[in-house]
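For the sequence shown, this note's numbering begins at -3 and goes up steadily by one.
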Amino acid sequence: MRIKLILILVALVIGLIALFGSAYVVQETEQVIITQFGKVVGDPVTDAGLHFKIPLVQDVNRIEKRFLPWDGPASEMSTKKKDFLIIDTFARWRVSQEGDGPKLYFTKLRDERTARSRLDDILGSETRNAVAKHEIIEIIRTTKDRVPQRDESLLVSDDANATIFTVLNTGREDVEQEIFETAAPKLKKLGIELLDIRFKRINYNEIVRRQIYASMIKEREKIAKRYRFEGDGEAARIKGEKERQLAVIASEAYKTVEEIRGDADANATAIYSAAYTNKTTISKMTNHTLDDGTPYITITTSSPHGLETGSIVKIAGTKGYKTKAGDPSTYLDGNGTEVGTQGEALKIDTVANGNWSVTDVNASTFTIPKSGNAEYIADSGYYTSPQATEFYMFLKTLETYRLILDRETSLIMTTDSPLFRLLKILDVSPTEEAKP
């Protein structure tokens, strides 16, 4: 009885050992590869739940079904133009679920540590190859065909801006996709499904950083130089326009000044001439008779002040008093007495040619009573004054002195010289301001 009990207990223990040695549970996040003496037997067990195997002969090898991270080491890589970048990448992967993927993974790699080592090799190598085919800006720029935001004034096509704002046909995402397309087939042969790969961080090494800063400074200097050139050109244009306007203003001012000076000179000349000749046009001379029968002549002049007493009247026209028979240039009064010839001077302040005298010398129209019955309508005439002639000569002399005398002029004069007499009566002693 005792032996039977022992046998039952042994059988029970063996049964429990066989039960626990053959049964295993597959979790939702894993799949199982069964090996027998180190060789894979059967298909991968991917369904979650309780499963059985041959105890003590077969082994259970668990493999993750979830997405697994891969964080590659930061490495220094060379670009197309031999610029070095420090690039840190990361990826997502899992054991392939298609076909014999799990068997292939287990056969080639056995475990996750070996798989990560192979990922380091393949993804690191393909990343270097892709980076070496592209320039820095294509790796840094996130997307392709992105229009840079820039100052609209820089849209001019010139060498400075053409090198700054380059339109890209390739961006960072394209480089990442290129790495994915080349690495995925190689990993698939190892039973690894690559989901994606991305650049986590891109840094310049110290040499490239200095080169980029220098390039940025150079590009900004090009733009600044262009702005300075444009500013200098605009300044030159404004300055030229200013000079042109100043020249126009100066020319107009000079023209106005010359016109005013010309008018002034003309007026001065007329004044000088009038002062010399004291010419006043006698525009009308008409014969009249008073109520008592006394004949007289009305003279109208162009001067508002009329004629001065003592002036000399010259007959300038061919019409006038009755002309002498056979001698049209000789004029007769009403009594037949010769009163003068054309151009002859007649003293108005003297009683001549039949009681001539000036009765009003301060008006432009005045009368000269005379005897006889004269018929006279004159075209014109003028008169001269001795005082006016002397004043004109005085003014012209002063003007001549002003033109010929200066600090560098030396004069040799006789004691009876008019200028000497003039200077003699002047006070030529130096003023307080002129004294040294």
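For every residue, glycine included, the Cβ atom is placed at its ideal position computed from N, Cα and C.
Judged by their CB atoms, I(-1) and E26 are not nearer to each other than the 9 Å cut-off.
Excluding its 5 nearest sequence neighbours in each direction, F195 has C-beta neighbours in its own chain below 7 Å: I83, T85, R168, E172, listed in chain order.
Check the Cα spacing between T166 and each of F390, L183, K129: the tightest is with K129. Judged by beta-carbon spacing, R197 lies within the 9 Å limit of A70, meaning their Cβ atoms are closer than that value. With contacts defined by Cβ atoms closer than 9 Å, E134 and D79 do not form a contacting pair.
Shown here, K251 sits in a helix according to DSSP, grouped into three states.
Using a 10 angstroms sphere on the CB of L401, the tally of other CB atoms stays under 16, which defines it as exposed. G97 carries a helical assignment under DSSP once its states are collapsed to helix, strand and coil. The C-beta distance from I30 to K61 rounds to 16 Å, too long to fall under 8 Å, and the pair is not in contact.
L8 and L46 have their alpha carbons spaced roughly 21 Å apart.
Here K185 carries a coil assignment [DSSP, helix/strand/coil]. Minimum Cα-Cα distance from V41 among the listed residues E94, G68, T75, F33 corresponds to E94. One Cα belongs to S211, the other to E202, and the distance between them is close to 14 Å.
Taking V6 as the centre and dropping the five residues before and after it, the same chain places no C-beta closer than 8 Å to its C-beta. Between the beta-carbon of Y101 and that of S92 there is about 7 Å, and that keeps the pair under the 8 Å contact cut. Secondary-structure assignment with DSSP links I82 through a beta bridge to E72, N199.
For P65, the secondary structure class from DSSP, reduced to helix, strand or coil, is strand.
Here L105 is near L186, since their CB atoms are less than 9 Å apart. DSSP places R58 in the uninterrupted beta strand (DSSP E) bounded by 54 to 60. Beta-bridge partners of R88 (DSSP): P65, D192. In the three-state DSSP reduction, G167 falls in the coil class, being neither helix nor strand. Cβ atoms of V127 and M73 come within 8 Å of each other, at about 5 Å.
Under the three-state reduction of DSSP output, V244 falls in the helix class. Residue pairing of L401 in beta bridges, as defined by DSSP: absent, with no partner found. Residues W66 of the same chain have their beta carbon placed closer than 6 Å to that of L115, with the five preceding and five following residues left out of the count.
Around I175, the same chain offers E122, T123, A126, I193 as residues with beta carbons nearer than 6 Å, after the five sequence neighbours per side are excluded.
Taken through DSSP and simplified to helix, strand or coil, K35 comes out as strand. At least 9 Å separates the beta-carbon of R109 from that of I188. Rounded to whole angstroms, the Cβ separation of I136 and T75 is 10 Å, and the two are not in contact under 8 Å. The C-beta of I118 has 16 or more other C-beta atoms within 10 Å across all chains shown, which makes the residue buried. Measuring C-alpha to C-alpha distances from D107 to each of R205, G97, G120, N57 identifies N57 as the nearest. The secondary-structure analysis by DSSP pairs A19 across a beta bridge with F48. Within 10 angstroms of the beta-carbon of A179 lie 16 or more other beta-carbons, which makes it buried.
Straight-line spacing of the CA atoms in R417 and L407 works out to 14 Å. Across the set L64, F63, Y20, K77, the C-alpha of Y20 shows the shortest separation from the C-alpha of D55.
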